[in-house]
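In the numbering used here, the protein residues as written are 665 to 872.
Notes for the one structure printed next.
Below is the structure:
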């Protein structure tokens with residue numbers, strides 16, 4: 665796993681250029697099947713448009729694909745792809761739907777309209793970085809639980825699911841590379857009273 669930037673939430677934007685209506689939709693995806701599903705759904709939700717232009721980038725496998733969907737080559741998918749590349753964004757699909765208004769825009773006008781509408785949609789959401797973390801499950805005696813929660817809060821660390829039995833199992837997310845620092849702090853802070861186990865990897869969003 666390695667860190668990469670993506671969107672905080674899905675969003676959209678719309679503008680009218682020389683009577684043509686352009687609607688941009690920004691989607692979070694993790695694979696090509698999701699991208700294809702999005703295209704099918706958008707054609708159903710926004711039917712009878714002249715063009716359904718898109719570009720997407722998928723981090724795993726470094727997959728990139730763009731389509732002009734009948735517009736002159738390089739005037740639709742390429743400016744959207746360049747926007748994603750310039751901002752170094754992954755796991756995003758941007759689809760720009762065009763309802764033709766009867767006025768030809770020319771190649772320059774089309775490039776500005778598609779790229780500009782995609783940019784407007786991106787500006788409606790924040791960009792976050794997905795950073796690899798390890799999930800540690802702490803086995804905490806009840807007498808230590810509140811102190812551990814306080815200590816984690818002081819260190820700015822995020823905790824997750826809790827399970828209550830003879831002791832308390834608490835998930836904690838440790839930024840990859842910080843494991844030794846965390847376990848050293850945990851042992852010292854609790855005098856070795858809290859044990860832990862590594863429960864795998866996860867990507868967590870961090871503001872940029």
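The beta-carbon is built from N, C-alpha and C at its ideal position, and this holds for glycine as well.
- In this structure, the alpha-carbon of residue 836 lies about 11 Å from that of residue 812.
- Assignment of residue 686 by DSSP, reduced to helix, strand and coil, places it in the strand class.
- Per the DSSP secondary-structure output, residue 706 pairs with nothing in a beta bridge.
- In this chain, the alpha helix (DSSP H) harbouring residue 813 covers 809–818.
- Under the 8 Å Cβ criterion, the region 786–793 does not count as touching the region 701–712, having fewer than three qualifying pairs.
- Within the region 757–828, the complete beta strand (DSSP E) segments of 3 residues or longer fall at 791–804 and 823–828, listed in chain order.
- Counted as a single uninterrupted DSSP element, the beta strand (DSSP E) harbouring residue 834 occupies residues 832–839.
- When the five nearest sequence neighbours on each side are left out, the beta carbons in the same chain lying within less than 6 Å of the beta carbon of residue 801 are those of 833, 835, 861 and 863, in order along the chain.
- Between residue 720 and residue 693 a beta carbon distance of about 6 Å is seen, short of the 8 Å cut, so the two are scored as contacting.
- If you compare the alpha carbons of 713, 847 and 798 with that of residue 838, the shortest gap goes to 798.
- With fewer than 16 other Cβ atoms from the protein chains shown falling within 10 Å of its own Cβ, residue 844 counts as exposed.
- Between the region 772–788 and the region 740–748 there are three or more inter-stretch CB-CB distances shorter than 8 Å, so the stretches are counted as touching.
- Rounded to whole angstroms, the gap between the alpha carbons of residue 820 and residue 783 is 33 Å.
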